[in-house]
Amino acid sequence: MKALALKLAHAYAMMMISFVWLASLFLMPFQIGRLLRKVSLPRLSDHPWRTTITVIGVITGVSAVVAVLLVNRSIIHSAQATADDVAGRADLQIVASAGAFDEGAVELARNEPGVLAATPILQQTVRLREPSIDTQRVLLLGLDLASNDDTYFRTHVGKEYDTINADPITFLDSASNIVVTRKLAESLGRKLHDKISLQTPSGPREFEIWGLLEDSALANAFGGGIAVMHHQSMQAAFGRGLEIDRVDVALAESADADAVAAKLRSKLGNLHVEVPEQKRGRLARMLIGLETALTSGAAIAVLIAVFLIYNTMLISIVQRKAELGILRSLGTTKRQVVALLTLEGGLLGVVGSFIGAGIGVLTAMIMLTLVTHTVGQVYMNVPSPEVHVDPLLLGACFLFGCVTSVLGSLIAALGTTRISPLESLRSANVMETEQRTGVTAYDLAGVLMLALIPFVIDLPPVWGLPLAAIGACTFLLLGTSALVPRVIQGANLLGRLVLKHFFGVEARMANENMTRDLMRTSVTTGALMLGVGMACAFSMFINSFVNSAMSWIENALPGDVIVASALSGIANMAPLSPEVGAEIAKLGIEGVEDVQTIRVADFMYGSTDVKVSAVEVVPWGRHSRAKMLEGTQEEAIAAMATGKAVSISENFLHRFDKHVGDPLTLTTKDGPKEFQIAGVYVDYTSDLGVIWMDRSTWVDNWDDQTVNQYKLHLDPRLDAGKVRDTIANALGDKYDLVVVTGREYVANMRKEIDRVFAIMRALQAVALLIAVLGVVNALSANVLDRTREIGVLRAVGMLRKQVRKLIVIEASLMGIVGALLGVAQGLVLGRMMLTHVTTRLVGWTIPLLPDWGTTAQMMLSVMVASALAGFYPARSAAQLKVPDAIGYR
Amino acid sequence: MIELRAVTKTYGHDANKVHALRDVSFKIGGGEYVSIMGPSGSGKSTLLAMLSALDTPSSGQVLLDGADIGKLDDDALTLFRRRKIGLIFQFFNLMPALDALDNVLLPVMLERKVSAQDKARGKMLLEEVGLADRVSHRIHQLSGGQMQRVAIARALMLAPPIVLADEPTGSLDSTTGSAVLGLLRSLCDKHGATVVMVTHDAHAAETGDRIISLKDGALVDDSRTRRHSERAPAKGAAE
Numbered sequence: 108m109k110a111l112a113l114k115l116a117h118a119y120a121m122m123m124i125s126f127v128w129l130a131s132l133f134l135m136p137f138q139i140g141r142l143l144r145k146v147s148l149p150r151l152s153d154h155p156w157r158t159t160i161t162v163i164g165v166i167t168g169v170s171a172v173v174a175v176l177l178v179n180r181s182i183i184h185s186a187q188a189t190a191d192d193v194a195g196r197a198d199l200q201i202v203a204s205a206g207a208f209d210e211g212a213v214e215l216a217r218n219e220p221g222v223l224a225a226t227p228i229l230q231q232t233v234r235l236r237e238p239s240i241d242t243q244r245v246l247l248l249g250l251d252l253a254s255n256d257d258t259y260f261r262t263h264v265g266k267e268y269d270t271i272n273a274d275p276i277t278f279l280d281s282a283s284n285i286v287v288t289r290k291l292a293e294s295l296g297r298k299l300h301d302k303i304s305l306q307t308p309s310g311p312r313e314f315e316i317w318g319l320l321e322d323s324a325l326a327n328a329f330g331g332g333i334a335v336m337h338h339q340s341m342q343a344a345f346g347r348g349l350e351i352d353r354v355d356v357a358l359a360e361s362a363d364a365d366a367v368a369a370k371l372r373s374k375l376g377n378l379h380v381e382v383p384e385q386k387r388g389r390l391a392r393m394l395i396g397l398e399t400a401l402t403s404g405a406a407i408a409v410l411i412a413v414f415l416i417y418n419t420m421l422i423s424i425v426q427r428k429a430e431l432g433i434l435r436s437l438g439t440t441k442r443q444v445v446a447l448l449t450l451e452g453g454l455l456g457v458v459g460s461f462i463g464a465g466i467g468v469l470t471a472m473i474m475l476t477l478v479t480h481t482v483g484q485v486y487m488n489v490p491s492p493e494v495h496v497d498p499l500l501l502g503a504c505f506l507f508g509c510v511t512s513v514l515g516s517l518i519a520a521l522g523t524t525r526i527s528p529l530e531s532l533r534s535a536n537v538m539e540t541e542q543r544t545g546v547t548a549y550d551l552a553g554v555l556m557l558a559l560i561p562f563v564i565d566l567p568p569v570w571g572l573p574l575a576a577i578g579a580c581t582f583l584l585l586g587t588s589a590l591v592p593r594v595i596q597g598a599n600l601l602g603r604l605v606l607k608h609f610f611g612v613e614a615r616m617a618n619e620n621m622t623r624d625l626m627r628t629s630v631t632t633g634a635l636m637l638g639v640g641m642a643c644a645f646s647m648f649i650n651s652f653v654n655s656a657m658s659w660i661e662n663a664l665p666g667d668v669i670v671a672s673a674l675s676g677i678a679n680m681a682p683l684s685p686e687v688g689a690e691i692a693k694l695g696i697e698g699v700e701d702v703q704t705i706r707v708a709d710f711m712y713g714s715t716d717v718k719v720s721a722v723e724v725v726p727w728g729r730h731s732r733a734k735m736l737e738g739t740q741e742e743a744i745a746a747m748a749t750g751k752a753v754s755i756s757e758n759f760l761h762r763f764d765k766h767v768g769d770p771l772t773l774t775t776k777d778g779p780k781e782f783q784i785a786g787v788y789v790d791y792t793s794d795l796g797v798i799w800m801d802r803s804t805w806v807d808n809w810d811d812q813t814v815n816q817y818k819l820h821l822d823p824r825l826d827a828g829k830v831r832d833t834i835a836n837a838l839g840d841k842y843d844l845v846v847v848t849g850r851e852y853v854a855n856m857r858k859e860i861d862r863v864f865a866i867m868r869a870l871q872a873v874a875l876l877i878a879v880l881g882v883v884n885a886l887s888a889n890v891l892d893r894t895r896e897i898g899v900l901r902a903v904g905m906l907r908k909q910v911r912k913l914i915v916i917e918a919s920l921m922g923i924v925g926a927l928l929g930v931a932q933g934l935v936l937g938r939m940m941l942t943h944v945t946t947r948l949v950g951w952t953i954p955l956l957p958d959w960g961t962t963a964q965m966m967l968s969v970m971v972a973s974a975l976a977g978f979y980p981a982r983s984a985a986q987l988k989v990p991d992a993i994g995y996r
Numbered sequence: 006m007i008e009l010r011a012v013t014k015t016y017g018h019d020a021n022k023v024h025a026l027r028d029v030s031f032k033i034g035g036g037e038y039v040s041i042m043g044p045s046g047s048g049k050s051t052l053l054a055m056l057s058a059l060d061t062p063s064s065g066q067v068l069l070d071g072a073d074i075g076k077l078d079d080d081a082l083t084l085f086r087r088r089k090i091g092l093i094f095q096f097f098n099l100m101p102a103l104d105a106l107d108n109v110l111l112p113v114m115l116e117r118k119v120s121a122q123d124k125a126r127g128k129m130l131l132e133e134v135g136l137a138d139r140v141s142h143r144i145h146q147l148s149g150g151q152m153q154r155v156a157i158a159r160a161l162m163l164a165p166p167i168v169l170a171d172e173p174t175g176s177l178d179s180t181t182g183s184a185v186l187g188l189l190r191s192l193c194d195k196h197g198a199t200v201v202m203v204t205h206d207a208h209a210a211e212t213g214d215r216i217i218s219l220k221d222g223a224l225v226d227d228s229r230t231r232r233h234s235e236r237a238p239a240k241g242a243a244e
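Chains as they are written, first to last, in my numbering: chain G, 108 to 996; chain L, 6 to 244.
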């Protein structure tokens, strides 16, 4: 096994050496090229392990950055591409403020001067009722396939699409004919004229495949999970009456888009006419929370990667002090040595960054599966997006790896050449204690950045983003990082007082060694601090959010039995037909006190996406408590029951600065209507903001009878499990229902919320892992640096186990200082994230609740992991051949 | 005290085989002060590694204070070194993380918890090497001569029967070097230690009682010094 690993490392090193050799050929006319060939190449090939490990350090850093950034981009790209692909070439889009609208709008648009084409669209996600893939959803589009207008917007391409062209009448004549993408048909093992089963409001229904879409933007949208029907067939099969969801409008070349849009607005009254850019902007706003989370993850990955690459380069140079001493004593100038090391580091960085970018793409593919589920639950359905390999992004990451390697090598090389050639030769592996007295630039920068936080954090948002608060968080991270050397010196002084009583001379020496190369120890401890700090802040954030959300679910959304189309993600659930409620009533279950309906719908307030939550407020008030921020629950319910008032969620208040008593103008099916705001309450349904109203208000003004969830309140003596089974057995299959007890619902919500934060937890783990790798790196460098010193200690009687203990204590001390600093930093960061970033980003004020359990667990794990990280360097140190180490051979 | 019986040490294999020591035998009695001389590559460092129990012979026996070091495992060798041998290096090799007194006390720290008596002995040794006022100084605050004095005090801390010095004046100017040699000699005499000193410097070698010369790994000369001849009648007269 070891031989195989050695062979692999050798082969790998040979590959890199070939690259360096090629570079040296190009540089041969210059002295640096000759040095590269005569000095660097032999060394690289003599130490394949070391060469490989150096490059692996760069690969790890670059691949982490690439993976996180690619996942981020792919999600956003996939969401936007789906919107664009489905929208096609529309110049304008007509939508309602909520739900669907009458198809008469199409004719009105077509008749408007300047309009070249207008076509209706129905669009909804439906569940496949196939036994093999029961939970997969497809995006079903209802397009006007009878007229040529739709082909202007979308390309319907497919060899087997000709069947429809050959016999359009038969295709259009049935409400059971469908077109699917070739990708979808193949994944289901279906061919032309086979049947697929889809869930409709009246139960599962079979559709015949009449065409296979391929090689078009439409076929690629929604990850290829697309099905198309003639819009009238879809209206019939899915109980949509004469409704449509959107009208795509194309304008004549000479037409003025703004003028036509204005005319259409005046004609269509209560409908919105928007240009696709507006839609894209709204989409971006929807994804801002996710993007911020992923970007902050990427920022951690970048920061830690910088630490790792610097550390890696530092070690590779430290190992060569003696060799550098010889070079210097033979007349190589400082500048030449620095240039050589920087060039060598840069070349290895190029190889590492190149491979790292490739591995990053592979890692992104794995990560994307996890992230997609979260996005689907929380934001929008984006099934299986593929990794969007953006060449610019990959190029930037490649460059990042190269530049960091060059800078890392440069700083390390400058540090090494500070020592005189004589010193390098005499004590090739001995470091002198670095004395750091007086105020340094780091101290000043650190204190300045921390002092600026209170002044920056409360500055108003820019472009709706809490940039100042994010800047303050960055100041905290950088400021504390700059002060790490001082803290280590403080810890060293404290250690002198405490450690002399414990763990023997090894602890004392380990404590003193912490300040020997202060910069290197600080970099490692700083990386640990950042890893722990981020993890601690995120766990505090998650804990606070989960507790607030769960308390909200239990108090505001209680129910003994819940009936819905899906178990989670109420905002994205397919709505149920109102006849489900009637069917439940028909079951005549005794002891059912109330059956409540909940409708959560997308809504456009002005030109902004928000959500509406409609419930029967009076019965709701009998069972539930909302956390009111303005007004009382009783007053709000009384006002909402009149149909003239609504309440708004806390984040709606923050987004639009509306308060109790303010009028709120909403676009109803009959045009704009003014409602009074009766209360402001806490609601975690959506980060876009929620308008809460009585169900009758919603049905009367927006003509939407559908329901997302039924909640049954039972006589306490009744067994909720039995009621659940009764409903599930009677109606579950027909209406594709999910029926659960209240307790099961809450447990599932908890699981779902945890899953949402899985990405953050995964990023935390990666950050910590890289930071711990940094400890291995730094200690390996320390051991190499102190080979002679360890040899002397062994010579004067230090046992191998004492050497191991010394190094492990040193690692533990770094872990302890890093973890304690990290926790302190994390608690402040978590507080800033909750009180300033989150509140400004999504408008929720979440009460602080530090997760002490996880924090303690994390602190302990990092300390243990750091101690464990010391084992390998400790083993190397203990196995040093003493005569070799002190030059007796 | 020290006995080498037909000691051979080789490194490498086949064509790359190097004979660092070839069939070297000699005895050093208790309290003797012996200098080892020889040109570069003569095997001085290898011999010193054997004498300090840092390395074991390829063949033959090295007996130190009655113990055959070839038969000891790594831990036993380490403990033997700690308790029986005091080492003095050319480049001092003090621990920069510790102050002067702690450097002297290092062998004790490795052995057990430092007691008040240990501290007193450490201070006494520092006083004997003339560094009573440098007890709490860090290593980088000392001159080369002072560092070597600390190293001598460290070597004597556990009162080892054998003291090995590797070019102890190699990093010092001649005046400081002479002072250090005088100190080493007088202290070892006082503490009754057997001293083996490796040196290139003929003048330094003359401070010992006997000079063992090596060449190409073999012992080529083993003779008494003039100093020994001068000391012997004086010693006899005293008796």
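Quick reminder that beta carbons are idealized off the backbone N, C-alpha and C, glycines included.
Taking the Cα positions, P498 of chain G is about 54 Å away from V702 of chain G. Closer than 8 Å to the CB of P112 of chain L there is at least one CB belonging to chain G. Here A164 of chain L has H196 as same chain residues with Cβ atoms under 7 Å from its own Cβ, once five neighbours each way along the sequence are excluded. N108 of chain L: member of the alpha helix (DSSP H) spanning 105 to 116, first to last residue.
In this structure, the beta-carbon distance from Y788 of chain G to W951 of chain G does not fall below 8 Å.
For Q66 of chain L, the closest alpha carbon among the candidates L:A121, L:P112, L:I7 is that of L:I7. Listed by position along chain G, the residues whose Cβ is nearer than 7 Å to that of D79 of chain L are R907. At a cut-off of 8 Å between beta-carbon atoms, R126 of chain L makes no contact with chain G. Within a 10 Å sphere around the beta-carbon of L437 of chain G sit fewer than 16 other beta-carbons, which makes this residue exposed. About 4 Å separates the CB atoms of R236 of chain G and S304 of chain G; that is less than 8 Å, so the two are in contact. Residue range 894 to 902 is occupied by the alpha helix (DSSP H) that includes R901 of chain G, with no beta strand (DSSP E) assigned at that position.
Residue pairing from DSSP places E737 of chain G in a beta bridge opposite G:V787. D104 of chain L has its alpha-carbon roughly 6 Å from the corresponding atom of S141 of chain L. Under the Cβ distance rule, P990 of chain G counts among the residues neighbouring chain L, one pair being separated by less than 8 Å. Boundaries for F314 of chain G: no alpha helix (DSSP H) harbours it, while the beta strand (DSSP E) harbouring it runs 310 to 320, taken from the DSSP string. A direct Cα-Cα distance of roughly 25 Å separates T804 of chain G from V668 of chain G. Distance from the Cα of E451 of chain G is smallest, within the candidate group G:I139, G:V639, G:A974, for G:I139. Unbroken alpha helix (DSSP H) runs of no fewer than 4 residues, entirely contained in the stretch 911 to 989 of chain G, are found at 946 to 949, 959 to 976, 978 to 985, following chain order. One alpha carbon belongs to D123 of chain L, the other to L110 of chain L, and they sit about 7 Å apart. With respect to the C-alpha of V134 of chain L, the residue from L:P101, L:T174, L:V12, L:R159 having the closest C-alpha is L:R159. Taking the Cβ atoms as the reference, A552 of chain G lies roughly 27 Å from R947 of chain G, outside the contact range of under 8 Å. In terms of CA proximity to I798 of chain G, G:A743 leads the group G:K776, G:A837, G:A743. In the displayed model, N620 of chain G falls within a helix according to three-state DSSP. Contact annotation for L115 of chain L against chain G: V612, G904, M905, Q909 [CB-CB distance below 7 Å, chain order]. Annotated as proximal: K718 of chain G and L795 of chain G, with beta-carbon spacing under 8 Å. Against chain L, the beta carbon of M616 of chain G has neighbours under 8 Å at M100, A102, L103, listed in chain order.
The three-state secondary structure of Q153 of chain L, taken from DSSP, is helix.
Going by beta carbons, S887 of chain G and A974 of chain G fall outside the 8 Å limit. Listed along chain L is no residue with a C-beta nearer than 7 Å to that of V890 of chain G; the closest approach is about 15 Å.
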